[in-house]
Amino acid sequence: MMEQLSQWLWKQEYWLPPGISWEDLEKMEGSRRPLPRDLLLALLLTLGFIMLRYAFERRVAFPLSRVLGVKDRVCLKVTPVPNLEVFYTKSSRQPTQSEISSLVNQCNLTPRQVETWFRNRRNQDRPSNSKKFCEASWRFVFYLLAFSAGFASLINVSRHLNFYSLVNPSDAHYWYYMLELGFYWSLLLCVSVDVKRKDFKEQIVHHFATIFLLSFSYCSNYIRIGTLVMLVHDSSDFLLEVRARPLGHAFMLRNNESNTARKLPKHITIPSFHSCFLFKPHLFLGHHLQ
């Protein structure tokens, strides 16, 4: 029974292109033939990425945020109230009117004071702009470097027209795959301590799908077409990180400070980095046509 299940699961029609068999893969020369055990290296790289990110955010990204003028909100520190804190952590961060009435009786506070306490407590838990900037900076640097490395590995287009081949993958493609896998594993492991986004569930699904597709394409030797897909993926990701807040907002603040330093008239402004570069030519042209 198990043998029949194994034969059905590993049918070459499911995993390999027409005309390619498992025997052909066994005949491949060299030791760089894609094997599932190669993916274990990505787990070691994951730990390296986590440590590198920790150092980058504290030694590079955080000082850079101060240079660019990123400022954190000033949040009022709430007065410790045990009953309200227990309700906040275990029940709800936004109590209803009936729950507020019950808490008023427990804490000897007015409804207004309870509402103010919960509002300040929620603001206290919000991630700072500096933390958001550091996370976006880390992803921007990786995606930019990954795009550059992927472009360099595919610069000779004539050698990559056949996207499935029995030729062993090059060292550049091999390390490109391992680094991408290690990076996405690090994002998945750090998602619980990162800033929680509105698309949190979709983000988790995206990371799992990316890891599965990278692993599957590597084991099936679809490495050339996989490298091309990752190149296109990275080419848009680093632009999206610049566009996102607060990394993009920092460039705007820096631009506004530059305008103020030059003492330009109020009706004359310099177009922002976003309008000139990030797919917004209509804003750039409209600025000069007005």
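Each step along the sequence shown adds one to the number in UniProt numbering, with nothing skipped, and position 148 is 148. For glycine and all other residues, C-beta sits at the position ideal for the given N, C-alpha and C.
Inset, instruction - Whole angstroms is fine: what's the gap from residue 122's alpha carbon to residue 47's? - result: On the sequence shown, position 122 is the one that residue 122 refers to. On the sequence shown, position 47 is the one that residue 47 refers to. One C-alpha to the other measures close to 32 Å.
Inset, instruction - Using the Cα positions of residue 200 and residue 188, report the straight-line distance between them to the nearest angstrom. - result: Residue mapping note: residue 200 aligns to position 200 of the sequence shown, counting from 1. Residue mapping note: residue 188 aligns to position 188 of the sequence shown, counting from 1. For residue 200 and residue 188, the distance between alpha carbons rounds to 11 Å.
Inset, instruction - Tell me, please, whether the region 39–55 touches the region 92–108 by the rule of three or more beta-carbon pairs shorter than 8 Å. - result: With a cut-off of 8 Å, the region 92–108 and the region 39–55 do not count as touching, because too few Cβ pairs lie within range.
Inset, instruction - Return the CA-CA distance between residue 234 and residue 210, expressed in angstroms with no decimal places. - result: On the sequence shown, position 234 is the one that residue 234 refers to. On the sequence shown, position 210 is the one that residue 210 refers to. Spanning the alpha carbons of residue 234 and residue 210 requires a straight line of approximately 12 Å.
Legend entry - residue 51, DSSP secondary structure in three states: Translated into positions along the sequence shown, residue 51 becomes position 51. Here residue 51 sits in helix by DSSP.
Inset, instruction - Apply the 10 Å Cβ neighbour rule to residue 114 and answer buried if 16 or more other Cβ atoms are within range, or exposed otherwise. - result: The residue labelled residue 114 in the question sits at position 114 within the sequence shown. By the 16-neighbour rule on beta-carbons within 10 angstroms, residue 114 is buried.
Inset, instruction - Could you pull the start and end residues of the alpha helix (DSSP H) that residue 104 belongs to? - result: On the sequence shown, residue 104 is found 104 positions in, with the first residue counted as 1. Segment 97–107, the alpha helix (DSSP H) holding residue 104.
Legend entry - Backbone CA spacing between residue 10 and residue 39 [nearest angstrom]: Translated into the one-based positions of the sequence shown, residue 10 becomes position 10. Translated into the one-based positions of the sequence shown, residue 39 becomes position 39. Approximately 19 Å between the Cα atoms of the pair.
Legend entry - Selected residue, minimal CA-CA separation from residue 127, among 73, 106, 77: Residue numbering aside, residue 127 sits at position 127 when the sequence shown is read from its first letter. Per the Cα distances, 73.
Inset, instruction - In angstroms with no decimal places, state the Cα-to-Cα distance between residue 5 and residue 34. - result: For the purposes of this step, residue 5 is taken as residue 5 along the sequence shown, with counting starting at 1. For the purposes of this step, residue 34 is taken as residue 34 along the sequence shown, with counting starting at 1. In a straight line, the C-alpha of residue 5 is about 24 Å away from that of residue 34.
Legend entry - For residue 88, three-class secondary structure by DSSP: Translated into positions along the sequence shown, residue 88 becomes position 88. Residue 88: helix per DSSP, three-state reduction.
Legend entry - Three CB pairs or more closer than 8 Å across the region 205–224 and the region 67–84: no
Inset, instruction - Determine the direct distance from the alpha carbon of residue 118 to that of residue 84, and round the result to whole angstroms. - result: Here residue 84 is taken as the residue at index 84 of the sequence shown, counted from 1. Here residue 118 is taken as the residue at index 118 of the sequence shown, counted from 1. The straight-line gap from Cα to Cα measures roughly 8 Å.
Legend entry - Integer Cβ distance of residue 52 from residue 147, believed to fall under 8 Å: Taking the sequence shown and counting its residues from 1, the one referred to as residue 52 is at position 52. Taking the sequence shown and counting its residues from 1, the one referred to as residue 147 is at position 147. Residue 52 to residue 147, Cβ: 18 Å. No contact.
Inset, instruction - Check whether the Cβ atoms of residue 207 and residue 184 lie closer than 8 Å to each other. - result: In the sequence shown, residue 207 corresponds to position 207, counting from 1. In the sequence shown, residue 184 corresponds to position 184, counting from 1. The answer is yes: Cβ separation under 8 Å.
Legend entry - Proximity of residue 57 and residue 140 at Cβ, strictly below 8 Å: The residue given as residue 57 occupies position 57 in the sequence shown. The residue given as residue 140 occupies position 140 in the sequence shown. No.
Inset, instruction - Please name the residue, chosen from 138, 129, 81, 191, that lies closest to residue 291 on a Cα-to-Cα basis. - result: Given that the chain is displayed from residue 1 to residue 290, the structure contains no residue 291 and the question cannot be resolved.
Legend entry - Same chain only: Cβ atoms within 6 Å of residue 88, ignoring 5 sequence neighbours per side: On the sequence shown, position 88 is the one that residue 88 refers to. Hits under 6 Å: 121.
Legend entry - Collapsed DSSP secondary structure at residue 182 in the structure displayed: One-based indexing of the sequence shown puts residue 182 at position 182. Reduced to three states, the DSSP call for residue 182 is helix.
Legend entry - For residue 14, the three-state DSSP class (helix, strand or coil): Here the question's residue 14 lines up with position 14 in the sequence shown. Here residue 14 sits in helix by DSSP.
Inset, instruction - Could you round the C-beta distance between residue 228 and residue 154 to whole angstroms and report it? I think they count as a contact, below 8 Å. - result: Numbered from 1 along the sequence shown, position 228 holds the residue referred to as residue 228. Numbered from 1 along the sequence shown, position 154 holds the residue referred to as residue 154. 6 Å between Cβ atoms; contact.
Legend entry - Nearest neighbour of residue 65, chosen from 129, 86, 221, 19 [CA to CA]: Looking up residue 65 in the sequence shown gives position 65. The option with the nearest alpha carbon to residue 65 is 129.
Legend entry - Burial state of residue 14 (16 or more Cβ within 10 Å): Translated into the one-based positions of the sequence shown, residue 14 becomes position 14. With fewer than 16 Cβ atoms within 10 Å of its Cβ, residue 14 is classed as exposed.
Legend entry - Terminal residues of the alpha helix (DSSP H) in which residue 2 lies: Here residue 2 corresponds to residue number 2 of the sequence shown, with the count starting at 1. 2–9 is the extent of the alpha helix (DSSP H) around residue 2.
Inset, instruction - Please report the residue range of the alpha helix (DSSP H) in which residue 63 lies. - result: Locating residue 63 in the sequence shown gives position 63, counting from the first residue. It spans 62–67 - the alpha helix (DSSP H) in which residue 63 sits, taken as one unbroken run.
Inset, instruction - Note down the Cα distance separating residue 18 from residue 186, rounded to an integer number of angstroms. - result: Residue 18 sits at position 18 when you count from the first residue of the sequence shown. Residue 186 sits at position 186 when you count from the first residue of the sequence shown. The alpha-carbon atoms of residue 18 and residue 186 are separated by roughly 36 Å.
Inset, instruction - Give the straight-line distance between the Cα atoms of residue 195 and residue 20, rounded to the nearest whole angstrom. - result: Here residue 195 refers to the residue found at position 195 when the sequence shown is read from its first residue. Here residue 20 refers to the residue found at position 20 when the sequence shown is read from its first residue. Spanning the two alpha carbons is a distance of roughly 45 Å.
Inset, instruction - Pull up the distance between the alpha-carbon of residue 96 and that of residue 67, whole angstroms please. - result: Here residue 96 is taken as the residue at index 96 of the sequence shown, counted from 1. Here residue 67 is taken as the residue at index 67 of the sequence shown, counted from 1. In a straight line, the C-alpha of residue 96 is about 42 Å away from that of residue 67.
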